[in-house]
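Peer 1: Residue numbers (this note's numbering), protein chains in the order written: chain A, 1 to 181; chain B, 1001 to 1181.
Even glycine gets a Cβ: it sits at the ideal position worked out from N, Cα and C.
Just so you know, these numbers come straight off a predicted model, no measurement behind them.
2 protein chains.
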Amino acid sequence: MTDRPYHHGNLRRVALAATAEAIEAGGGPAALSLREVARRAGVSHAAFKHHFGSKPGLLTALATEGYDLLADALAAAGDDRVEAGVAYVRFAAGHPAHFEVMFQPGLYHADDPGLRAAEERAARALTAVLPDSADQDARLAAWSIVHGFAGLWLSGALPADPGADAGDAARPVISLLTLAP
Amino acid sequence: MTDRPYHHGNLRRVALAATAEAIEAGGGPAALSLREVARRAGVSHAAFKHHFGSKPGLLTALATEGYDLLADALAAAGDDRVEAGVAYVRFAAGHPAHFEVMFQPGLYHADDPGLRAAEERAARALTAVLPDSADQDARLAAWSIVHGFAGLWLSGALPADPGADAGDAARPVISLLTLAP
DNA sequence: TGAGGGAACTTTCCACTGGCAAGATAAGTT
DNA sequence: AACTTATCTTGCCAGTGGAAAGTTCCCTCA
């Protein structure tokens, strides 16, 4: 029918990008349609079965990619605690589809080994910026404040200027949490 | 066919309860099925049209109920800032379906007047416990840390004892955020 | 009392969804 | 060249949300 080649070549990568686009365009992961993603990627809806198994499988891959991207972003932010938090928020605002899926484990296979590994890598990157003396509560407080800000930002609950940078908005807020050195 | 009366009587209330149950039982709002809720409530799937209009309409009602419950919980917690935060987390853990829907505005009609009113009532209850000197950043920090803890708790990202109380777990974490009086 | 009118609910239909099974096509491998 | 495996399509199924039309009930008002 079409002159498009039978074998796509790099469906996996394209499918993940198309999935993120569809989620961002169409109102969250709940409204995601496999067939819509397939249309964007230019393949039939059944093409994903071989690569991802099922819809939860597709979202598992997206969440894994998200944890990898988050770990990279945190590592690139350096040692400063506040700047790492800013990077966390910036990641959420810059990759809303990944972020939303990551923290709704009901959507994917939360016990997938590859996913767990990426998750732990991100958790280590997050803990790395905290002072050695930080106990579990301090770690949770730091994680909570950046995660909460990110979640509120994404849900539109914050009265923000359109076009404002989420990271810049988060910096003074995050700075208010001072942990004992 | 059945001896069940044609008119349900209080479908609206029962439907909301059944919706919350279905969301909590079936893995999040994304997997929610109107027909499943209808089966739980003992009516046909089209019965909701009259009361809620559509699926987003049903979830609008659930979110509104959620904001009302949250405002009540915050008001009942008194003036202490930490205890209000504990109440926030406890609400999220106690009403996960409401909470998850509330902060995914893509699922419902976020501009519904009744919803907006309930939203503002909850926002006022939250601001009421903060010191008068608190500026916007302090307000956001307080909201972020409790909201973040609640979100992480619900997503299962926290290494918690099964059966542990979310509020008790949150108290020492929330206490770490000290705002200038 | 009983007749109209609207509220509450059901039945039926439609386009769409995710998943499965079977087949087609391409790319290696020997 | 023959065989095997990976990749993708077509065709099908039960289940979904929504619209349209019909049914049952309640409530008001003469």
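1. What ranges does the alpha helix (DSSP H) occupy inside the region 1097-1138 of chain B, keeping only unbroken runs of at least 4 residues that lie completely in it?
2. Can you give the Cα-Cα distance for residue 1158(B) and residue 127(A), rounded to whole angstroms?
3. From the beta carbon of residue 1048(B), is the nearest beta carbon of chain A less than 8 Å away?
4. In the DSSP assignment, the alpha helix (DSSP H) including residue 1037(B) goes from what residue to what residue?
5. Can you name the start and end residues of the alpha helix (DSSP H) that residue 183(A) belongs to?
6. Are the region 1096-1115 of chain B and the region 1051-1064 of chain B touching by the rule of at least three beta carbon pairs closer than 8 Å?
7. By a C-beta neighbour count over all protein chains shown, 10 Å radius and 16 as the cutoff for buried, is residue 119(A) buried or exposed?
8. Rounded to the nearest angstrom, what separates residue 1003(B) and residue 1104(B) at their Cα positions?
9. DSSP three-state call for residue 1074(B): helix, strand or coil?
10. Note down the Cα distance separating residue 1070(B) from residue 1088(B), rounded to an integer number of angstroms.
11. Of all the options 1099(B), 1042(B), 1034(B), which has the alpha carbon lying nearest to the alpha carbon of residue 1064(B)?
12. Compare the C-beta of residue 1053(B) against all C-beta atoms of chain A and say whether one is closer than 8 Å.
13. Go through its chain and collect everything with a Cβ distance to residue 1023(B)'s Cβ below 6 Å, but skip five positions before and after it.
14. In whole angstroms, what is the alpha-carbon distance linking residue 1043(B) and residue 1025(B)?
15. Hey, residue 1177(B) and residue 1125(B): beta-carbon distance below 8 Å or not?
16. Since residue 151(A) contacts residue 1156(B) with CB under 8 Å, what's their CB separation in whole angstroms?
17. Have a look at residue 1055(B) and residue 1034(B) and give me their C-alpha separation to the nearest angstrom.
18. Residues in the region 146-175 of chain A with C-beta within 9 Å of chain B's C-beta atoms, listed in sequence order?
19. Using a beta-carbon distance below 8 Å, is residue 1091(B) in contact with chain A?
20. How would you call residue 1001(B), buried or exposed, if buried means at least 16 neighbouring beta carbons within 10 angstroms?
21. By a C-beta neighbour count over all protein chains shown, 10 Å radius and 16 as the cutoff for buried, is residue 186(A) buried or exposed?
22. Of all the options 66(A), 21(A), 16(A), which has the alpha carbon lying nearest to the alpha carbon of residue 117(A)?
23. Spell out whether any CB of chain A is found under 8 Å from the CB atom of residue 1096(B).
24. What is the residue span of the alpha helix (DSSP H) that residue 1015(B) lies within?
25. Using a Cβ cut-off of 8 Å (strictly closer), state whether residue 137(A) contacts chain B.
26. Taking a Cβ distance cut-off of 8 Å, strictly less, list which residues of the region 1119-1144 of chain B are near chain A, in chain order.
27. Under 8 Å between the Cβ atoms of residue 86(A) and residue 163(A)?
28. Does DSSP put residue 1142(B) in a helix, a strand or coil?
29. Can you give me the start and stop residues for the alpha helix (DSSP H) that residue 92(A) sits inside?
30. Suppose the cutoff is 8 Å on Cβ atoms and the five residues either side in sequence are ignored; what does the same chain contact list for residue 1154(B) look like?
31. Along the chain, where does the alpha helix (DSSP H) containing residue 1050(B) start, and where does it finish?
32. Report the neighbours of residue 30(A) on chain B: residues whose CB is nearer than 9 Å to its CB, in chain order.
33. So which of 18(A), 130(A), 170(A), 131(A) has the shortest CA-CA distance to residue 1145(B)?
34. Using a Cβ-Cβ cut-off of 7 Å (strictly less than) and excluding sequence neighbours within five positions of residue 18(A), which residues of its own chain qualify?
Peer 2: Judging by the given coordinates:
1. 1113-1128
2. By one-based count along the second sequence, residue 1158(B) stands at place 158. By one-based count along the first sequence, residue 127(A) stands at place 127. Approximately 14 Å between the Cα atoms of the pair.
3. As a working mapping, residue 1048(B) is identified with position 48 in the second sequence. With 8 Å as the cut-off, residue 1048(B) does not count as an interface residue toward chain A.
4. Here residue 1037(B) refers to the residue found at position 37 when the second sequence is read from its first residue. Note, residue 1037(B): alpha helix (DSSP H), 1034-1041.
5. Residue 183(A) falls outside the range modelled here, since chain A spans only 1 to 181, and no answer is possible.
6. yes
7. As a position in the first sequence, residue 119(A) is number 119, starting the count at 1. Buried, since its Cβ has 16 or more Cβ neighbours within 10 Å.
8. Within the second sequence, the letter at position 3 stands for residue 1003(B). Within the second sequence, the letter at position 104 stands for residue 1104(B). Only weak support is given to the placement of residue 1003(B): the predicted model assigns it a pLDDT of 49, under 50, and the value that follows is read from those uncertain coordinates. Taking the straight line joining both Cα atoms gives about 39 Å.
9. As a working mapping, residue 1074(B) is identified with position 74 in the second sequence. Helix.
10. Within the second sequence, the letter at position 70 stands for residue 1070(B). Within the second sequence, the letter at position 88 stands for residue 1088(B). Using only the alpha carbons, I get a separation of about 7 Å.
11. For this step, residue 1064(B) is matched to residue 64 along the second sequence. Residue 1064(B) has its Cα closest to that of 1099(B), out of 1099(B), 1042(B), 1034(B).
12. The residue given as residue 1053(B) occupies position 53 in the second sequence. Residue 1053(B) does not count as touching chain A.
13. Translated into positions along the second sequence, residue 1023(B) becomes position 23. Cβ within range, chain order: 1029, 1032, 1097.
14. Looking up residue 1043(B) in the second sequence gives position 43. Looking up residue 1025(B) in the second sequence gives position 25. Straight-line Cα distance between these residues: approximately 19 Å.
15. If you number the second sequence from 1, residue 1177(B) lands on position 177. If you number the second sequence from 1, residue 1125(B) lands on position 125. No.
16. As a first step, residue 151(A) must be located in the first sequence, where it is residue number 151. As a first step, residue 1156(B) must be located in the second sequence, where it is residue number 156. Wrong, their Cβ atoms sit about 15 Å apart, outside the cutoff.
17. The residue labelled residue 1055(B) in the question sits at position 55 within the second sequence. The residue labelled residue 1034(B) in the question sits at position 34 within the second sequence. Approximately 7 Å between the Cα atoms of the pair.
18. 146, 147, 148, 149, 150, 151, 152, 154, 155, 156, 157, 158, 159, 169, 170, 172, 173, 174, 175
19. On the second sequence, residue 1091(B) is found 91 positions in, with the first residue counted as 1. For residue 1091(B), the answer is no, since every Cβ of chain A falls outside 8 Å of its Cβ.
20. Taking the second sequence and counting its residues from 1, the one referred to as residue 1001(B) is at position 1. Low confidence applies to residue 1001(B): its pLDDT is 37, below 50, so where it sits in the model is not reliable, and the reading given next is rough at best. The residue is exposed, with fewer than 16 neighbouring Cβ atoms inside 10 Å.
21. Residue 186(A) lies beyond the residue range present for chain A, which begins at 1 and ends at 181; the question has no answer from this structure.
22. Numbered from 1 along the first sequence, position 117 holds the residue referred to as residue 117(A). The shortest C-alpha separation from residue 117(A) is found at 66(A).
23. Locating residue 1096(B) in the second sequence gives position 96, where the first residue counts as 1. Residue 1096(B) does not count as touching chain A.
24. On the second sequence, residue 1015(B) is found 15 positions in, with the first residue counted as 1. Its alpha helix (DSSP H) spans residues 1011-1025.
25. Counted from its first residue, the first sequence places residue 137(A) at position 137. By this cut-off, residue 137(A) is an interface position.
26. 1137, 1138, 1140, 1141, 1143, 1144
27. In the first sequence, counting from the first residue as 1, residue 86(A) sits at position 86. In the first sequence, counting from the first residue as 1, residue 163(A) sits at position 163. Taking 8 Å as the Cβ cut-off, residue 86(A) and residue 163(A) do not qualify as a contacting pair.
28. One-based indexing of the second sequence puts residue 1142(B) at position 142. It is helical.
29. Taking the first sequence and counting its residues from 1, one reaches residue 92(A) at position 92. Note, residue 92(A): alpha helix (DSSP H), 81-94.
30. Working through the second sequence from its first residue, we reach residue 1154(B) at position 154. 1092, 1093, 1096, 1099, 1100, listed in sequence order.
31. Residue mapping note: residue 1050(B) aligns to position 50 of the second sequence, counting from 1. Here the alpha helix (DSSP H) through residue 1050(B) covers 1048-1052.
32. Residue 30(A) sits at position 30 when you count from the first residue of the first sequence. Ordered by position in chain B, the residues that pass the 9 Å Cβ test against residue 30(A) are 1028, 1029, 1030, 1031, 1032, 1104, 1106, 1107.
33. Taking the first residue of the second sequence as position 1, residue 1145(B) is located at position 145. Here the closest residue by C-alpha is 170(A).
34. Reading the first sequence from its first residue, position 18 is the one you call residue 18(A). Correct list, in chain order: 37, 40, 41.
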